[in-house]
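Each residue of the sequence shown is one higher than the one before, starting from 10 at the first, in the working numbering. Read through the structure below, which is laid out as structure tokens, and then see the notes.
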Amino acid sequence: MKLYLMNVSANWNEYAESYISDKIPWLEEDLKQNCEKCLRPNHFRRNGPLTISWFEGCSTIGDLLSPGALDKLVVVDKVKRAFDAAKLKGYKAWPVQIKEQKPKKNPKFPIVPSPYDGPRLWDIYGEDIAHLITEKSSVDSRGPCPSCGIERIDALDDDDCHFVIDRESWDGGDFIRPYEIGGMFVTERVIDVIRENGFTNVEYKLEGCISD
Ligand SMILES: [Zn+2]
10 MKLYLMNVSA NWNEYAESYI SDKIPWLEED LKQNCEKCLR PNHFRRNGPL
60 TISWFEGCST IGDLLSPGAL DKLVVVDKVK RAFDAAKLKG YKAWPVQIKE
110 QKPKKNPKFP IVPSPYDGPR LWDIYGEDIA HLITEKSSVD SRGPCPSCGI
160 ERIDALDDDD CHFVIDRESW DGGDFIRPYE IGGMFVTERV IDVIRENGFT
210 NVEYKLEGCI SD
């Protein structure tokens, strides 16, 4: 199974950009594990949707959005319906909360109108946290954290990165957050749905696979 990294909001000059504008509903038990020295683990679990607001610049809503970080994915209703129809696995879809902003009197740039009346937005939360096979992946280790003992592994910033997810640790989901590094991989099944439907505001690159 091939894995891709998506660059959502790749066309920021054509589509509206969003940001996370309220507290993220992390699971309390995960927050307690957070090491203040190395800030690991990379992926906390959460139990509710993101709250977003819009940046000035553009008022057109793209089909996919990435508020804040690349492991966060927001999609418009037709994308969620296509994901559901394709029976993609391992995600929860929560209705996105929108924090309305006071409209400016003389805005310099276009902005999504408030109150929001665009397409319904879904927060696609990848539930599958799986392990990388670090010896086969483009990562660098800085050894164990002196405070918590966890292995500090970082993804290499390279043009031809390759990452291998350990099949044993994978629950079969199509939205995979690797335990060792940030970001979210998606399987070729997700890319097929995006490609077949011509969804906008996303680019993607082959970055790895699930091990045999
Ligand atoms: Zn630590």
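For each residue, glycine too, the CB sits at the ideal point set by N, CA and C.
Restricting attention to G57, Y28, K98, C47, the CA atom closest to the CA of G66 is found in Y28. The DSSP-derived three-state label of K108 is coil. Between T196 and M10 a beta carbon distance of about 5 angstroms is seen, short of the 8 angstroms cut, so the two are scored as contacting.
Taking the Cβ atoms as the reference, L165 lies roughly 11 angstroms from S150, outside the contact range of under 8 angstroms. Residue pairing of L141 in beta bridges, as defined by DSSP: I174. E212 sits in a strand when the DSSP states are folded into three classes. With contacts defined as CB atoms closer than 7 angstroms, G217 and F184 fail to qualify as a contacting pair. Within 6 angstroms of the C-beta of S178 there is not a single heavy atom belonging to ligand 1.
For K11, the uninterrupted beta strand (DSSP E) segment begins and ends at 11–17. Screening all residues for a C-beta within a distance smaller than 6 angstroms of any heavy atom in ligand 1 leaves C44, K46, C47, R49, C154, S156, C157, I159, in chain order. R186 carries a strand assignment under DSSP once its states are collapsed to helix, strand and coil. Boundaries of the beta strand (DSSP E) harbouring E160: 160–164, taken from the DSSP string. Closest in alpha carbon position to W179, among E136, L130, A102, K87, is E136. Residue burial annotation: I33 is exposed, with fewer than 16 other C-beta atoms found within 10 angstroms of its C-beta. Look at D93 here: in three-state DSSP terms it is helix.
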